[in-house]
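Here is the structure we will look at, set down as structure tokens.
Protein chains: 2
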Amino acid sequence: MARWDPNARERLIRAAVELFAEQGYEATTINEIAQRAGGLTKTTFFRHFSDKREVLFAGQEIHSRIMSEAIAEAPESATPLEMVKSALDALASSFPQERREVGRKLRTVVVNTPELRERSASKRAAHTAATAEALRSRGVSQLGAEIAAELGTRAFYTAFERWTTSPGTKTLAEHAHEVFLELKAALAVLE
Amino acid sequence: MARWDPNARERLIRAAVELFAEQGYEATTINEIAQRAGGLTKTTFFRHFSDKREVLFAGQEIHSRIMSEAIAEAPESATPLEMVKSALDALASSFPQERREVGRKLRTVVVNTPELRERSASKRAAHTAATAEALRSRGVSQLGAEIAAELGTRAFYTAFERWTTSPGTKTLAEHAHEVFLELKAALAVLE
DNA sequence: ATAGTGATGTGACTTGGTAACGTCACCGTA
DNA sequence: TACGGTGACGTTACCAAGTCACATCACTAT
């Protein structure tokens, strides 16, 4: 795996995750990452990722696309919450069990690094906005779309946290289903 | 207003807001800010703010405190949404009309700068978490508290946006009241 | 062979952010 | 009046993130 091998992007991601897990995010230099990814350099890193944080969140727009498409394809008669539910199922189902270990590592690093928590919050907000936009083009009102989207996002993140931190062998989709039900129950008790 | 005058912190904030509004955030250097704030230096800036973004968000923990206290003091019989409502009123009422112009400027800069949008999202998440925590210590369930807190935060931010961008002379508290009602109405149509 | 193309490297630069150490104003006390 | 202490501030030097212009390498097609 040397300089001119293909998949530099994937190698960079892998190297970054490894180094962050070993030494922590702040203690790891971009040069280090590039070096471990087959003797690359800082410049190449920045050709693939806009900044140091992004290497851990790259490709996350796919999640928004999955949810948006599921919402667009939901049956005519679906309520906003039903659209969100099918979007949530679609997204959660796209995570194979094998990714659980990586997810766990990822989550640990992010949770322990303010800089990454910040980026995570930002991504989460963007994802919520994209979902709300998809709901709006299905005719849902602005505020209604925002609330429903927020519920979906919250369900996903909560499910992801349980998936990566709880001992069982449940699927992410199963967790998501559960959380969604709990969320709807909690909704009923609010007032 | 020279080097050893008091209120360096306030002078730094004022200088930063001015410069960001004039030249944009990225085009403004920390040395510039410190210089305009009465011949100060970078070091002094960092003694008052942990990083360049923070100068625009400093003192925002107060908002969380206001909401938390209102929730703690809500009547025994209050539902979660009623607690959030009184917290929202308390927070919105703490913004005098005079701050509207500053708020408008602030918002413009933040909206046009990715780096600041990110910090804003992070602050918003922290605020939501603090509110949820306050609700939980009033006995609300974890997920219920998170949803209710999210609704309150969303109401506040939406109200703030309307306050700073709409032409009328309505108070922030009035906007917040309206948004809260709309939010509850939207909630009912979700499923 | 050669020319083009895309991925990579080099080197120099700006700026955010940190740290060690020195300096100035002010205040209380002897 | 002199003295010492204490914050707030400055100086200097440094590191790493991020940008840019320009050079180089591998590969492919003509």
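Residue numbers (the numbering used here), protein chains in the order written: chain A, 2 to 192; chain B, 2 to 192.
Virtual Cβ for every residue (Gly too), placed ideally from N, Cα, C.
Just so you know, these numbers come straight off a predicted model, no measurement behind them.
- Between threonine 80 of chain A and glutamate 192 of chain B a beta carbon distance of about 5 Å is seen, short of the 8 Å cut, so the two are scored as contacting.
- By the Cβ neighbour-count rule, alanine 88 of chain A is buried, with 16 or more other Cβ atoms within 10 Å of its own.
- The continuous alpha helix (DSSP H) containing tyrosine 158 of chain A extends over residues 143-166.
- The beta carbon of lysine 124 of chain A sits closer than 8 Å to the beta carbons of Phe58 and Gln61 from its chain, once the five residues preceding and following it are set aside; these are given in chain order.
- By the Cβ neighbour-count rule, valine 85 of chain A is buried, with 16 or more other Cβ atoms within 10 Å of its own.
- By a beta-carbon distance limit of 8 Å, arginine 54 of chain B contacts leucine 117 of chain B. Their separation comes to about 6 Å.
- Annotation for glutamine 61 of chain B: no alpha helix (DSSP H) segment contains it, and DSSP assigns it neither H nor E.
- Counting only residues of its own chain and dropping the five nearest sequence neighbours on each side, glutamate 33 of chain B has a CB closer than 7 Å to the CB of Leu20.
- Looking at A/Arg155, A/Arg37 and A/Gln24, the one whose alpha-carbon comes closest to that of alanine 9 of chain A is A/Arg37.
- Distance from leucine 144 of chain A to glutamate 183 of chain B at the Cβ level is roughly 6 Å; contact confirmed, criterion being Cβ atoms closer than 8 Å.
- The beta-carbon of alanine 71 of chain A is placed no less than 9 Å from the nearest beta-carbon of chain B.
- Segment contact: the stretch 89-102 of chain A against the stretch 173-180 of chain A, three or more CB-CB distances shorter than 8 Å; contact assigned.
- Within the stretch 20-47 of chain B, no run of beta strand (DSSP E) reaches 3 residues while sitting entirely inside it.
- The stretch 155-173 of chain B and the stretch 153-161 of chain A do not touch, with fewer than 3 CB-CB distances between them shorter than 8 Å.
- The beta carbon of leucine 191 of chain B sits closer than 9 Å to some beta carbon of chain A.
- Residues of the same chain with a CB within less than 7 Å of the CB of alanine 126 of chain B, apart from the 5 flanking positions on each side, do not exist.
- Close partners of glycine 145 of chain B in chain A (Cβ separation under 7 Å): Ala187, Val190 and Leu191.
- Using a Cβ-Cβ cut-off of 9 Å, alanine 122 of chain A counts as an interface residue toward chain B, since at least one Cβ of chain B sits closer than that to its own.
- For arginine 12 of chain A, the number of other beta carbons within 10 angstroms of its own is at least 16, and it is reported as buried.
- Using a 10 angstroms sphere on the CB of serine 51 of chain A, the tally of other CB atoms stays under 16, which defines it as exposed.
- Against chain A, the CB of alanine 88 of chain B has no partner CB under 9 Å away; the residue lies outside that interface.
- Taking 9 Å as the threshold, the shortest C-beta distance from isoleucine 34 of chain B to chain A does not fall below it.
- Taking the CA atoms as reference points, threonine 29 of chain A sits about 25 Å from alanine 122 of chain B.
- Close to arginine 155 of chain B, with beta-carbon spacing below 9 Å, are these residues of chain A in chain order: Leu144, Glu147, Ile148 and Glu151.
- Methionine 68 of chain B places its beta carbon less than 9 Å from that of alanine 135 of chain B.
- For glycine 169 of chain A, no alpha helix (DSSP H) segment is defined, and its DSSP state is neither H nor E.
- When Cβ-Cβ separations below 9 Å define contact, threonine 42 of chain B makes no contact with chain A.
- Lysine 43 of chain A and serine 142 of chain B have their C-alpha atoms spaced approximately 47 Å apart.
- Using beta-carbon distances, proline 76 of chain A does not count as an interface residue toward chain B, since no partner is under 9 Å.
- Contact of leucine 184 of chain A with chain B is assigned, a C-beta pair being separated by under 9 Å.
- Arginine 118 of chain A reaches chain B at Ser123 and Ala126, counting residues in chain order whose Cβ is nearer than 9 Å.
- As for any alpha helix (DSSP H) of minimum length 4 sitting wholly inside the stretch 49-110 of chain B, the runs are 62-73 and 81-94, ordered along the chain.
- Under the three-state reduction of DSSP output, valine 190 of chain B falls in the coil class, being neither helix nor strand.
- Membership of serine 138 of chain B in any alpha helix (DSSP H) is not indicated, and neither H nor E is assigned to it by DSSP.
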